[in-house]
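Numbering (full-length UniProt numbering), first residue to last: 1 to 140.
Glycine included, every Cβ here is placed at the ideal spot set by N, Cα and C.
This one's a predicted model, so the numbers in the text were calculated from it and none came from an experiment.
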């Protein structure tokens with residue numbers, strides 16, 4: 001009789017642990033970080049205004065000195081190796097803000113420039129998807 005009680009409590013503990021692990025896996029596996037999209041970023045606080053183009057998903061950076069590959073350290077940290085084996089550090093602060101540190105200089109904050117053409121492209125793509133969705137539903 002005493003063994004049955006101990007066995008029952010062990011089963012109860014295992015059930016609770018299984019539930020906790022299941023809930024953790026359910027929420028943990030769903031959200032994964034995604035690098036920000038490509039764009040043109042400008043330093044608007046310093047004159048003359050400097051602009052650079054970064055494409056995080058393809059791993060390409062154009063710092064005004066040519067196109068260089070970017071190495072991803074993490075989703076928010078990138079390195080660009082420019083001429084003379086110098087490393088430029090790119091830190092993603094937000095989808096629209098990056099901090100770039102050139103060797104021997106202080107870090108600068110670059111803001112993403114919103115382009116009207118990008119907005120038009122997004123609306124056209126959304127309209128195409130909308131039309132495709134309703135075309136597929138209209139067909140019996």
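Item                                                                                                                                                 : Value
With which residues is residue 134 paired in a DSSP beta bridge?                                                                                     : Per DSSP, none; premise fails for residue 134.
Assuming contact is defined by CB atoms lying nearer than 8 Å, are residue 64 and residue 90 in contact in what I supplied?                          : no
Am I right that residue 42 and residue 111 are in contact with their C-beta atoms under 8 Å? What's the rounded C-beta distance?                     : 6 Å
Please name the residue or residues paired with residue 69 in a DSSP beta bridge.                                                                    : 60
Let's test the definition: count the other Cβ atoms within 10 Å of the Cβ of residue 133 and tell me whether it reaches 16, buried, or not, exposed. : exposed
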